Amino acid sequence: MSERAAPFYCPYCGDEDLRPSEEGHGAWECAACNRAFGLKFLGLLAAGLRTEGRGQAGHGQEASAS
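What follows is the structure in structure tokens.
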């Protein structure tokens, strides 16, 4: 497994011409728009990702008519 996960595209211009930056871990450079940016994994959410109407019985779900 790789030590870093590579981004697929620049968050500013959408181009895929990215290179790791010499600035350190998580820093990337986009050759298309000449911007540098950083990515950082913050961690996992304690309860996981919750969206309205999913994963919670009785919330956002309609009762079916019999």
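Residue numbers (my numbering): -8 to 57.
Cβ atoms here follow ideal geometry from the backbone N, Cα and C, with glycine treated the same way.
All values reported here derive from a predicted model rather than from experimental measurement.
Residue j and residue i - do their beta-carbons sit closer together than 8 Å?
i: L33; j: W19; result: no
i: A27; j: E14; result: yes
Helix, strand or coil: how does DSSP classify residue i here?
i: A38; result: coil
i: L9; result: strand
For residue i and residue j, which I take to be in contact (beta-carbon distance under 8 Å), what is that distance rounded to the nearest angstrom?
i: R10; j: A22; result: 7 Å
Taking only the alpha-carbon atoms, compute the straight-line gap between residue i and residue j and give it to the nearest angstrom.
i: S12; j: F(-1); result: 15 Å
i: G5; j: G17; result: 18 Å
i: R41; j: N25; result: 36 Å
i: Y3; j: A(-3); result: 16 Å
Quickly, what does DSSP pair residue i with across the bridge? List them, please.
i: G29; result: A18
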